[in-house]
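See below for the structure under consideration.
In this note's numbering, the protein residues as written are 79 to 404.
As structure tokens, this is what we get:
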């Protein structure tokens, strides 16, 4: 089904604006080789639809315990000219649903390796509260980099530290304003930042106005961002006032880039960026801490080691096949 795509330009040049999308996907029963009689899948304001509004997608569904990778082979519904190919994990991968793309896949453009398309493909399917685009200058940094003396310096190219962190990016005031990332006391944007008539006088009308007064409380947001056919990023985003004195609007750490990773340093391009929601405190999964605090014998009491070995063998055997990875 066609994607509904709305482009609201904020400038005559088309250098910035807002995007609204509604994507409706039909569901293909992979094992039964037929279209499902169940409801369609509707996704709103996703990177996938914003970046590729003219592509045709379909959800391929398998049983969660399906062992035959051939089940995820290409398919062609009746009356359709070009087949659909397995492309990405959907946002329901654990429920046995994957995104297939007609004629030619797009996931390889962002992730390169097949395993990344399955592990991180759902990033392109995340529904955003709001999505924007802007032609901007941005910087790719390494949030783990240190100087020879051990001091943090995430931007070795410009010999600067922007205070990024693990999947935590930084933005200029100009970009935060575009993202409507300044809530009022009720948690909503107190005015339309694209309408000069609604902006209070003490906020200033231009980002480079020397008398511009920043709001008392800016917030962090969960974001998704992409340069079309190049890379995709996710994480949290907050304001860094040091960027306001430069021509750069966004600093992205390597840890936010879940597929292709551009070279460190200065870049420019039209970035699509979406706000998922205001950032929140979350509890992390145990991860490596299990190995720090418990010995193997204790972990094996709950068969954790055995299950891990089985999954590692399955992963090793699937490494060169996107169907096996899925």
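We put the CB at the ideal spot given by N, CA and C, even for glycine.
Drop a sphere of 10 angstroms on the beta-carbon of residue i, count the other beta-carbons inside from all chains shown, and report buried for 16 or more, exposed for fewer.
| i | result |
| --- | --- |
| residue 125 | buried |
| residue 302 | buried |
| residue 154 | exposed |
| residue 201 | buried |
| residue 390 | exposed |
| residue 82 | exposed |
| residue 386 | exposed |
| residue 355 | exposed |
| residue 145 | exposed |
| residue 192 | buried |
| residue 245 | buried |
| residue 203 | buried |
| residue 228 | exposed |
| residue 394 | exposed |
| residue 91 | exposed |
In terms of alpha-carbon separation, which member of the options lies closest to residue i?
| i | options | result |
| --- | --- | --- |
| residue 54 | 110, 105, 128, 127 | In this structure the chain extends from 79 to 404, so residue 54 is not present and cannot be described. |
| residue 110 | 142, 102, 149, 86 | 149 |
| residue 324 | 214, 85, 127, 114 | 214 |
| residue 234 | 304, 179, 342 | 342 |
| residue 21 | 216, 198, 108 | Since the displayed the chain opens at 79 and closes at 404, residue 21 lies outside it and no answer follows. |
| residue 100 | 208, 217, 189, 221 | 208 |
| residue 156 | 112, 304, 383, 305 | 112 |
| residue 129 | 245, 232, 151, 184 | 184 |
| residue 167 | 304, 88, 313, 196 | 196 |
| residue 189 | 394, 306, 86, 238 | 306 |
| residue 121 | 205, 311, 251 | 205 |
| residue 162 | 181, 173, 169 | 181 |
| residue 311 | 89, 300, 378, 377 | 300 |
| residue 165 | 133, 80, 252 | 133 |
| residue 80 | 194, 380, 119 | 119 |
| residue 123 | 211, 378, 187, 158 | 211 |
| residue 402 | 151, 131, 86, 381 | 151 |
| residue 317 | 380, 347, 260 | 260 |
| residue 236 | 326, 173, 313 | 326 |
Our contact map puts residue i next to residue j with C-beta atoms below 8 Å; I'd like the distance itself, whole angstroms only.
| i | j | result |
| --- | --- | --- |
| residue 315 | residue 349 | No, residue 315 and residue 349 are not in contact; Cβ-Cβ is about 12 Å, not under 8 Å. |
| residue 431 | residue 309 | Coverage of the chain is limited to positions 79 through 404, which leaves residue 431 absent and any answer about it impossible. |
| residue 336 | residue 198 | 4 Å |
| residue 351 | residue 255 | With a Cβ gap of about 13 Å, residue 351 and residue 255 do not count as contacting. |
| residue 334 | residue 247 | 6 Å |
| residue 160 | residue 250 | Not confirmed; about 43 Å, so no contact. |
| residue 340 | residue 219 | Their Cβ separation, rounded to whole angstroms, is 11 Å, which puts residue 340 and residue 219 out of contact at 8 Å. |
Work out the CA separation of residue j and residue i for me, nearest whole Å.
| i | j | result |
| --- | --- | --- |
| residue 84 | residue 97 | 6 Å |
| residue 243 | residue 399 | 33 Å |
| residue 102 | residue 221 | 38 Å |
| residue 392 | residue 147 | 12 Å |
| residue 373 | residue 384 | 14 Å |
| residue 319 | residue 238 | 14 Å |
| residue 353 | residue 223 | 27 Å |
| residue 88 | residue 95 | 5 Å |
| residue 298 | residue 93 | 24 Å |
| residue 252 | residue 230 | 26 Å |
| residue 379 | residue 396 | 28 Å |
| residue 282 | residue 86 | Unreliable positioning characterises residue 282 in this predicted model, as indicated by a pLDDT of 42, which lies under 50. The coordinate reading is nonetheless provided below. Distance between the alpha carbons of residue 282 and residue 86: 23 Å. |
| residue 240 | residue 173 | 39 Å |
| residue 376 | residue 388 | 18 Å |
| residue 158 | residue 304 | 30 Å |
| residue 232 | residue 226 | 13 Å |
| residue 381 | residue 194 | 28 Å |
| residue 169 | residue 313 | 16 Å |
Cβ of residue i less than 8 Å from any chain B Cβ?
| i | result |
| --- | --- |
| residue 351 | The chain inventory of the structure shown lacks chain B, comprising one protein chain alone. |
Can you tell me whether residue i sits near the ligand SAH, meaning its C-beta is under 7 Å from at least one heavy atom of the ligand?
| i | result |
| --- | --- |
| residue 253 | In the structure on display, the ligand SAH does not appear, and there are no ligands present to speak of. |
Quiz item: At a cut of 8 Å, does the region 172-186 reach the region 119-137 through at least three beta carbon pairs?
Solution: Taking a cut-off of 8 Å for Cβ pairs, the region 172-186 and the region 119-137 touch, as three or more such pairs fall below it.
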